[in-house]
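A.B. asks: Numbering (the numbering used here), first residue to last: 458 to 496.
The structure that follows is given in the form of structure tokens.
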Amino acid sequence: MEKMKDTAILVNTGRGPLVDEEAVAAALHEGSLGAYCAA
């Protein structure tokens, strides 16, 4: 996620633990990720 733009939107459409949601939460809190969606 460090290489993503701070306006990037991460969409998780997979099953199971593919995304480290704690890291996503930290990135959202820091403002280094624009949005996150889990389907």
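From the three backbone atoms N, C-alpha and C, an ideal C-beta is built for every residue, glycine too.
Give every residue of the same chain whose Cβ lies closer than 6 Å to the Cβ of residue 468, excluding the five residues on either side of it in the sequence, and list them in chain order.
C.D. replies: 494
A.B. asks: Classify residue 484: buried if its beta carbon has 16 or more other beta carbons within 10 angstroms, exposed otherwise.
C.D. replies: The residue in question, residue 484, is buried, as its Cβ has 16 or more Cβ neighbours within 10 Å.
A.B. asks: So, residue 491 versus residue 466, is the Cβ gap smaller than 8 Å?
C.D. replies: yes
A.B. asks: If distances are taken between C-alpha atoms only, which option among 463, 459, 461 and 475 comes closest to residue 496?
C.D. replies: 475
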